[in-house]
Amino acid sequence: MRASHLLPLIGLTGKRGVGKTEAANHLVDMLGYGRIHPFGGGKAAAIGYFMHLGATHDEACRMVHGDLRDAPSDLLPDRVPPRHFLERFGRFMGVEMGSAWTLGAELAAASRSDPGVPIVVESVVYEAPTIRAAGGVIVRILRPGVDGPVGICTDAEQGAIAVDAEIVNDGDIEKLRTAIERIARAGPTG
Numbered sequence: 109m110r111a112s113h114l115l116p117l118i119g120l121t122g123k124r125g126v127g128k129t130e131a132a133n134h135l136v137d138m139l140g141y142g143r144i145h146p147f148g149g150g151k152a153a154a155i156g157y158f159m160h161l162g163a164t165h166d167e168a169c170r171m172v173h174g175d176l177r178d179a180p181s182d183l184l185p186d187r188v189p190p191r192h193f194l195e196r197f198g199r200f201m202g203v204e205m206g207s208a209w210t211l212g213a214e215l216a217a218a219s220r221s222d223p224g225v226p227i228v229v230e231s232v233v234y235e236a237p238t239i240r241a242a243g244g245v246i247v248r249i250l251r252p253g254v255d256g257p258v259g260i261c262t263d264a265e266q267g268a269i270a271v272d273a274e275i276v277n278d279g280d281i282e283k284l285r286t287a288i289e290r291i292a293r294a295g296p297t298g
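Spelled out as structure tokens, the structure:
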């Protein structure tokens, strides 16, 4: 059951490597939030696709979630890294099919499995309207000096999102945790 003093839905946005996962981990571990990724279903489908192309289950998981994501792949056309496919597939699902197929479906699944549990969405790119419609807030995490990988098409998309709050992560993990917890407990202006 959701604690009434916590925001029910927080979406995190920002470039790769700025601290979104650390902030989400804190909300999950310390405040009992559930975690979802808007492209969770797409990532599951991508694992199946990579296996269809010849990857083992372990390799496919690493291509989607791990160390093979940014490595050139002999399984993909022109040896592009799996991230190339994931970015485009995510855009197709998030833009062409729409947020109902990504975050909307993930929120519905979370509501069925854990009703009333507050949710943190770790990587908001195309889903800001869905988060707002569900009563959520969007927090951008910035980290000076971190630009993320070159050529990531979702960076421009997430950079254009109007946010309710920003956290500057200077590398001090405790300050990052304190900032996200303050927002979860009091809202973006609290």
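Heads up: the sequence shown begins at 109 in my numbering, then just goes up one per residue. Quick reminder that beta carbons are idealized off the backbone N, C-alpha and C, glycines included. Since we're looking at a predicted model, the values are computed, not measured.
For residue i, list the residues DSSP reports as bridge partners.
i	result
T238	Answer is none; T238 lacks a bridge partner.
R177	DSSP output for R177 lists no bridge partner at all.
A273	V247
Considering only their Cβ atoms, is the gap separating residue j from residue i smaller than 9 Å?
i	j	result
R251	E274	no
V228	V126	no
I269	I118	no
H134	E289	yes
D255	K128	no
A217	V225	no
T207	P237	Residue 207 is actually Ser in this sequence, not Thr. Yes. Within cutoff.
L183	G212	no
Name the residue from the options whose alpha carbon lies nearest to the alpha carbon of residue i.
i	options	result
F147	H160, V188, N133, V233	V233
Y157	V172, I118, H145	V172
Y168	M205, P190, E265	The residue you asked about is not Tyr; residue 168 is Ala in the sequence shown. The shortest Cα separation from A168 among M205, P190, E265 belongs to P190.
H145	G198, D178, R170	G198
F200	L176, D175, K151	K151
I155	L176, E230, G142	L176
Y141	D222, L284, A242	D222
Since residue i and residue j should fall inside the 8 Å C-beta cutoff, what is the C-beta to C-beta distance between them, to a whole number of angstroms?
i	j	result
G149	E235	At roughly 13 Å, the Cβ-Cβ gap does not stay under 8 Å, so G149 and E235 are not in contact.
G295	P116	With a Cβ gap of about 11 Å, G295 and P116 do not count as contacting.
A131	L120	6 Å
D271	I246	Checking the sequence shown, residue 271 turns out to be Val, not Asp. At roughly 5 Å, the Cβ-Cβ gap stays under 8 Å, so V271 and I246 are in contact.
From which residue to which residue does the beta strand (DSSP E) around residue i run?
i	result
I249	245–250
T121	117–121
R187	Element bounds for R187: n/a, residue is neither H nor E.
G142	142–144
V228	227–229
Would you say the beta carbon of residue i comes nearer than 8 Å to a heavy atom of the ligand ATP?
i	result
G174	Among the components of this structure there are no ligands whatsoever, and the ligand ATP is therefore not found.
First and last residue of the alpha helix (DSSP H) that includes residue i?
i	result
R196	190–199
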